[in-house]
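S.K.: Quick one: structure below, then a few questions.
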Amino acid sequence: MKSILDKQPGYIICHYAEIGIKGKNRNYFERKLRDNVKRTIRMVAAGLLEKSKLVQGRLLLILTAEGQERLPEIIAILGQVFGIAYYAPAYRVAPELEIIQSAALELLQGLQFQTFRITTRKTDRNFPVSAHRTNELVGAYIVEQLGSKVKLKDPDANCRIDLFYQAAFLYTERLEGPGGLPVGVSGKVALMLSGGIDSPVAGYFALKRGVTLMAIHFHSMPYTTVTALDKVRELIKKLNIYQPRIKVILVALTPIQQEILTKTDERYRVILYRRFMFRIAERLANREGAHALVTGESLGQVASQTVENMAVIEETIKMPVLRPLIGMDKKEIIAVAEKIDTYDISIQQHIDCCTLFVPKHPATKAKSAAVARCETDLDVESLVCEAVETAELEIIPIASQAEQIDHEIHPC
Ligand code: ATP
Ligand code: MG
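Just so you know, we're using this note's numbering here: the sequence shown kicks off at 1 and counts up by one.
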């Protein structure tokens, strides 16, 4: 029998769940998703997509011949595009019952199975047969040709037929996407990124909810090393898969720490460092048009992460602080870090500015008034302003791009 299917599926159908419920914003969300998908596929190589179309609640990707050959790579990378609920490489045939029957037979013949079902979805009004009847007619044809058994619940094989875009799309494999919202639909936020395990994971979850991300990293050069900055760059490269060219602002905390060291009660050091970090981060975020800070804090992990201390640290700023990991155990955070490939980078030894010059017994329930009193011995405003003025902005390119890192110094 002559084959009616291409050697490889020439199409990928992407479904997006949450976008469907977003009412008026829907068009905007769909277009963002399409742009993100196109851009992400270009990270594999240029020229793999012939076209991409938003049709009847789906995103249809039409592959070039080269795209068909590199299908496994495309499939793998689509698993990292937020907003996709599930997706399927599909074959396209003419919307005629006999052709669909033959195509379904050919597709199923390539699989090992005993039981099967046909699942038709029809959004094309021109197709004369209902979805239910299509299931029956195609199913009966398969039974007749292969002698296999229909089983509606948990079959070995499920042949799906999507009738839309004046065509019939057939597939037997449906892959789960990462869900979430397309990156870029939810406004901009500033991730406070250390070199540790938690903050990259917090950045990942923020991206999953569709934000545009920028990052702020505090260092204590020369007490912390250049390696720490390289770690931050490597971490950003991992997040660049979801959003290319993430901006990072590197801020020297050293002069502030020296002031705190010499002039304040050691029990409050960490809290004071962090109050300064928040103040500086808020100003930088405002300057870059970000509306919230994101941190990798979760409750009760370390001294600075008691609710009491969080409150005293946060009272210095107006901007909301998002903590996507607040309810997660370390084990759960590590599992995500491994999944997004940041774990091995994060566990490389480094000294964080927050762990530098830390006393043996930091306050776990700091009182706002006591901390504020310590700050009266410091020139808070000029220290903050100096840190903001000397901050350096880098744009980290996607790992595969041989671009130079943009290096700019921004004024206050
Ligand atoms: P992480 O694993 O993200 O370093 P952690 O469990 O070590 O977190 P802390 O050191 O208390 O916890 O830091 C809490 C959060 O403060 C971090 O998740 C991050 O968002 C922010 N933070 C800590 N150090 C830095 C830094 N050097 N630069 C920017 N943000 C930082
Ligand atoms: Mg840390």
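Cβ coordinates follow ideal geometry from the N, Cα and C atoms, glycine included.
(1) Please report the straight-line C-alpha distance between Ile161 and Leu152, rounded to a whole angstrom.
(2) So the beta strand (DSSP E) Leu158 belongs to, where does it begin and stop?
(3) Residues in its own chain within less than 8 Å of Thr485 by CB, not counting five upstream and five downstream?
(4) Shorter than 7 Å, the distance from the beta carbon of Ser194 to the closest heavy atom of ligand 2, or not?
(5) On a Cα-Cα basis, can you pick out the residue from Val294, Tyr28 and Thr64 that is closest to Gln8?
(6) Between Arg283 and Val388, what straight-line distance do the alpha-carbon atoms span, to the nearest angstrom?
(7) Apart from the five residues just before and just after Asn240, which ones in its own chain have a Cβ nearer than 8 Å to its Cβ?
(8) Three-state secondary structure (DSSP) at Val129?
(9) Look at the alpha carbon of Tyr286 and the alpha carbon of Leu108, and state the distance between them as a whole number of angstroms.
(10) Can you confirm whether the segment 303-323 touches the segment 344-352 when touching is taken to mean that 3 or more C-beta pairs between the two stretches lie within less than 8 Å?
(11) So does His217 have its beta carbon nearer than 7 Å to some heavy atom of ligand 1?
(12) Using C-beta distances below 7 Å, list every residue in its chain close to Ile390, excluding the 5 sequence neighbours before and after it, in chain order.
(13) Would you kindly work out how many angstroms separate the C-alpha atoms of Leu170 and Lys231, rounded to a whole number?
(14) Give me the DSSP bridge partner(s) of Lys188.
(15) Considering Cα atoms alone, identify which of Asp6, Met328, Gln114 and Ala104 is closest to Val483.
(16) At what residues does the beta strand (DSSP E) containing Lys53 begin and finish?
(17) Assign Leu261 to buried or exposed, taking buried as 16 or more other Cβ atoms, counted over all protein chains shown, within 10 Å of its Cβ.
(18) For Glu408 and Ser220, I'd like the C-alpha separation in whole angstroms.
(19) In its own chain, which residues sit with a C-beta less than 8 Å from the C-beta of Glu66, not counting the 5 before and 5 after it?
(20) Could you give the DSSP three-state label for Ala90: helix, strand or coil?
(21) For Glu332, report the span of its alpha helix (DSSP H) as first-last.
(22) Quickly, what does DSSP pair His291 with across the bridge? List them, please.
(23) With a 10 Å radius around its C-beta and 16 neighbouring C-beta atoms as the bar for buried, classify Pro359 as buried or exposed.
(24) Which residues mark the beginning and the end of the beta strand (DSSP E) in which Leu33 is found?
(25) Would you say Ser368 and Val294 are within 8 Å of each other, going by their C-beta atoms?
(26) For Glu173, which three-state DSSP category applies?
(27) So, is Glu98 buried or exposed, given that buried needs 16 or more other C-beta atoms within 10 angstroms?
(28) Can you round the beta-carbon distance between Arg117 and Pro155 to whole angstroms, since I take them to be within the 8 Å contact cut?
(29) According to the neighbour-count rule (16 or more other Cβ atoms, all chains shown, within 10 Å of its Cβ), is Lys51 buried or exposed?
(30) Can you list, in chain order, the residues of its chain whose CB lies under 6 Å from that of Lys208, leaving out five sequence neighbours each side?
(31) Among residues of its own chain, excluding the 5 on either side of Thr225, which ones have a beta-carbon nearer than 6 Å to its beta-carbon?
(32) Any idea what DSSP makes of Tyr447, helix, strand or coil?
(33) Could you tell me whether any non-hydrogen atom of ligand 1 is closer than 7 Å to the CB of Met221?
(34) Apart from the five residues on each side of it in sequence, which residues of its chain come closer than 6 Å, Cβ to Cβ, to Ala17?
(35) Beta strand (DSSP E) containing Tyr11: first to last residue?
(36) So Ile99 is in the alpha helix (DSSP H); what residue range does that whole segment cover?
M.R.: Reading it off the structure:
(1) Distance between the alpha carbons of Ile161 and Leu152: 15 Å.
(2) First, the amino acid is wrong: residue 158 is Asn here, not Leu. First-last of the beta strand (DSSP E) with Asn158: Ala157 to Phe164.
(3) No answer is possible for residue 485: it lies beyond the span of the chain, which begins at 1 and ends at 412.
(4) Flag set: Cβ of Ser194 near ligand 2.
(5) The shortest C-alpha separation from Gln8 is found at Thr64.
(6) Rounded to the nearest angstrom, the two C-alpha atoms are 7 Å apart.
(7) Excluding residues within five positions, the ones whose Cβ falls inside 8 Å are Ile246, Ile396, Pro397, Ile398 and Ala399.
(8) Coil.
(9) It is Asn, not Tyr, that sits at residue 286 in the sequence shown. Taking the straight line from one Cα to the other gives about 56 Å.
(10) Cβ pair count under 8 Å is below three, so no.
(11) Under cutoff, so the answer is yes.
(12) What sits at residue 390 in the sequence shown is Thr, not Ile. So the list reads Ala252, once near-sequence residues are dropped.
(13) Taking the straight line joining both Cα atoms gives about 45 Å.
(14) Thr212.
(15) The requested residue 483 is not part of the displayed model; the chain covers only 1 to 412.
(16) Start and end: Leu49 to Val55.
(17) The residue is exposed, with fewer than 16 neighbouring Cβ atoms inside 10 Å.
(18) Note that Glu408 scores 44 on pLDDT, short of 50, meaning its location in the model is unreliable; the coordinates nonetheless yield the value given after this. Roughly 19 Å separates the two Cα atoms.
(19) Around Glu66: Ala45, Gly47 and Leu48.
(20) Judged by DSSP in its simplified three-state form, Ala90 adopts strand.
(21) Per DSSP, Glu332 belongs to the alpha helix (DSSP H) from Lys330 to Lys339.
(22) The partner list for His291 (beta bridge, DSSP) is empty, contrary to what the question assumes.
(23) With fewer than 16 other Cβ atoms within 10 Å, it is exposed.
(24) Not the beta strand (DSSP E): Leu33 falls in the alpha helix (DSSP H), residues Arg26 to Val44.
(25) No; because the gap between Cβ atoms is not below 8 Å, this pair is not in contact.
(26) Residue state, collapsed to three classes: coil.
(27) Around the beta-carbon of Glu98, fewer than 16 other beta-carbon atoms lie within 10 Å, marking it exposed.
(28) Between Arg117 and Pro155 a beta carbon distance of about 4 Å is seen, short of the 8 Å cut, so the two are scored as contacting.
(29) With fewer than 16 other CB atoms across the displayed protein chains lying within 10 angstroms of its CB, Lys51 is exposed.
(30) Counting only residues of its own chain and dropping the five nearest sequence neighbours on each side, Lys208 has a CB closer than 6 Å to the CB of Phe82 and Gly180.
(31) Excluding sequence neighbours, Thr225 sits near nothing in its chain.
(32) Any answer about residue 447 is impossible in this case: the structure gives the chain only from 1 up to 412.
(33) Met221 Cβ: outside cutoff for every heavy atom of ligand 1.
(34) Beyond the five residues adjoining it in sequence on each side, Ala17 comes within less than 6 Å, by CB distance, of Ala85 in the same chain, given in chain order.
(35) Here the beta strand (DSSP E) through Tyr11 covers Tyr11 to His15.
(36) First-last of the alpha helix (DSSP H) with Ile99: Leu97 to Gln109.
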